[in-house]
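Read through the structure below, which is laid out as structure tokens, and then see the notes.
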Amino acid sequence: MTSDITKSAAALPADEAAEGLFDNWFDPIESALRDRVRGFIEDLIQDELEGVLARPRYGRRAQAADGVTGTVGHRHGSRSRTLTGTFGKSEITV
42 MTSDITKSAA
52 ALPADEAAEG
62 LFDNWFDPIE
72 SALRDRVRGF
82 IEDLIQDELE
92 GVLARPRYGR
102 RAQAADGVTG
112 TVGHRHGSRS
122 RTLTGTFGKS
132 EITV
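Throughout the sequence shown, residue numbering follows my numbering, covering 42 to 135 in sequence.
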């Protein structure tokens, strides 16, 4: 058991030595956390929109005593946006 079986950095090809340990990393915990944060941000935006419009999605405003509802705003669907933070880029639906 006197033989050395580990390779030194000089014995490795330049490609393998340059490649970092975490370059091809997939972390299921990080992925799940990003999904949860994305959902949390989307829910916050939807709640704020419902507060501004004073009605839920596909809902109508309650009529006032004089029978006039008065339109405050509209929903025009949603689209994907990129949010960049300290955690990197993340796609959210706004």
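Ideal Cβ positions, reconstructed from N, Cα and C, are used throughout, including at glycine. Values in this document were obtained by computation on a predicted structure and should not be read as measured data.
Under the three-state reduction of DSSP, which class applies to residue i: helix, strand or coil?
i    : result
G92  : helix
S121 : strand
A58  : In this prediction, A58 has a pLDDT of 48, which is less than 50 and means its spatial position is unreliable; what the coordinates show is noted afterwards. Correct three-state label for A58: helix.
Could you work out which residue in the options is closest to residue i when comparing CA atoms only?
i    : options                : result
L124 : E91, L90, I82 and G118 : I82
S119 : L90, D68 and A73       : L90
R122 : L74, V93 and R79       : R79
F128 : P69, F67, R75 and V93  : R75
Which same chain residues, not among the five before or five after residue i, have their C-beta less than 7 Å away from its C-beta?
i   : result
A73 : none
If you measure from the beta carbon of residue i to each beta carbon in chain C, is any gap under 8 Å?
i   : result
L90 : Annotation note: the requested chain C is absent from the structure, which comprises a single protein chain.
Problem set entry | Validate contact between the stretch 121-133 and the stretch 73-89 using beta carbons, cut 8 Å, 3 pairs | Contact between the stretch 121-133 and the stretch 73-89 is present: three or more C-beta pairs spanning the two stretches fall below 8 Å.
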